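Numbering (the numbering used here), first residue to last: 13 to 336.
Structure first, then comments.
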């Protein structure tokens with residue numbers, strides 16, 4: 013949960029790039045990510061992992077709002093294109109790292125797989141490229157500014173929070189299912205399926221209005237979650253995977269892309285703060301329900317808890333569907 017520092021970073025420092033400059037903030041984010049990766053290579057222990065997760069959480073929190081704001085300034089009239097680029101790159105980043113490391117671990121049993129070194133050098137290359145970026149104008153605003161939620165963005169924030177809550181649940185429940193089938197090292201591959209389902213559907217989502225994309229995402233999210241939960245209940249692995257794939261089309265496809273496009277369109281000159289608000293909702297949705305579900309599952313049972321959350325998820329998405 014230390015990695016969830018990206019949420020407080022977005023809350024407190026989501027608008028920092030407006031004051032310090034977006035190029036400087038991007039470079040700071042990359043430097044923190046590079047340091048985090050470098051620390052865990054020579055010191056693969058729990059203490060280094062703690063520090064690494066703190067640095068990674070801050071780095072991602074800085075990058076999410078700033079990167080989106082930088083692209084928005086480059087393409088002010090192309091909110092859909094900005095949303096597509098951000099959603100595609102973040103989705104691929106979330107999934108490909110896990111897939112790469114899990115694939116390496118199939119052949120190299122090590123606490124420091126070679127994928128760490130590859131990512132480290134890719135980060136160094138990214139720093140070199142970012143140094144060449146032109147700086148954008150800054151605003152004379154306070155250094156610490158809270159995220160902004162203009163009219164029309166609150167319901168979008170709730171939608172992405174619900175969608176990414178499922179991403180967090182899949183990350184907790186799926187490894188347990190894989191253990192039952194003797195596939196402990198396949199969690200990265202399953203996460204890749206979850207994310208790539210959304211990536212593959214983004215070309216269709218881009219053709220839809222943001223409102224339609226969000227509505228379709230609400231429907232698919234409920235269908236995917238119920239399929240996934242029924243598969244876990246009946247111990248049918250095929251249903252689990254099908255549910256993961258269906259839900260992925262909403263989490264990283266229709267809901268994610270549609271919501272981000274809507275936010276970028278509304279944001280205007282406050283792009284960094286408004287997009288930070290969107291990602292605050294996303295990461296709170298990713299982290300908080302998992303904590304509650306983990307606690308309730310210990311006391312009430314996993315399946316009962318999953319179905320109870322499914323009822324909340326279904327009702328919430330019905331209300332959002334009518335709202336959109």
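C-beta: ideal position from N, C-alpha, C; glycine also.
A quick note: this is a predicted structure, and the numbers were derived from the prediction, not measured.
Beta-carbon separation (whole angstroms), residue i vs residue j, contact threshold 8 Å
i	j	result
residue 270	residue 225	3 Å
residue 10	residue 241	No statement about residue 10 is possible, as the shown extent of the chain runs from 13 to 336 and does not include it.
residue 301	residue 169	The pair is not a contact, with the Cβ atoms about 15 Å apart (cut-off 8 Å).
residue 229	residue 175	7 Å
residue 298	residue 99	Between residue 99 and residue 298 the Cβ distance is about 15 Å, and since that is not below 8 Å, they are no contact.
Alpha carbon of residue i to alpha carbon of residue j, nearest angstrom
i	j	result
residue 120	residue 126	8 Å
residue 293	residue 117	33 Å
residue 161	residue 324	24 Å
residue 52	residue 140	22 Å
residue 247	residue 192	9 Å
residue 258	residue 237	8 Å
residue 64	residue 296	20 Å
residue 33	residue 55	34 Å
residue 234	residue 285	30 Å
residue 321	residue 272	25 Å
residue 14	residue 66	Only weak support exists for where residue 14 lies, its pLDDT of 44 falling under 50; the value from the coordinates is given anyway. C-alpha separation (whole angstroms): 6 Å.
residue 19	residue 187	In this prediction, residue 19 has a pLDDT of 49, which is less than 50 and means its spatial position is unreliable; nothing more can be read from the coordinates.
residue 79	residue 304	31 Å
residue 36	residue 252	43 Å
residue 16	residue 76	Bear in mind that a pLDDT of 49 at residue 16, under 50, signals an unreliable position, so the number given afterwards is only what the model happens to contain. Roughly 13 Å separates the two Cα atoms.
residue 40	residue 220	36 Å
residue 327	residue 71	35 Å
residue 59	residue 214	39 Å
residue 171	residue 38	27 Å
residue 128	residue 194	26 Å
residue 239	residue 61	35 Å
residue 137	residue 46	10 Å
residue 90	residue 106	24 Å
residue 6	residue 57	Nothing can be reported for residue 6, as the shown portion of the chain is limited to 13 through 336.
residue 173	residue 279	19 Å
residue 133	residue 274	35 Å
residue 44	residue 216	35 Å
Cβ pair residue i, residue j closer than 9 Å
i	j	result
residue 109	residue 131	yes
residue 94	residue 83	yes
residue 111	residue 204	yes
residue 184	residue 313	no
residue 291	residue 69	no
residue 254	residue 315	no
residue 218	residue 96	yes
residue 287	residue 276	yes
residue 48	residue 114	no
residue 42	residue 145	no
residue 289	residue 88	no
residue 182	residue 256	yes
residue 222	residue 148	no
residue 329	residue 231	yes
residue 335	residue 167	yes
residue 317	residue 308	yes
Near the ligand NAD: residue i beta-carbon under 8 Å from a heavy atom
i	result
residue 265	Inclusion of the ligand NAD in the displayed structure is not the case, the ligand content being empty and no account of it being possible.
Are three or more beta carbon pairs between the segment 257-273 and the segment 203-213 nearer than 8 Å?
-> yes
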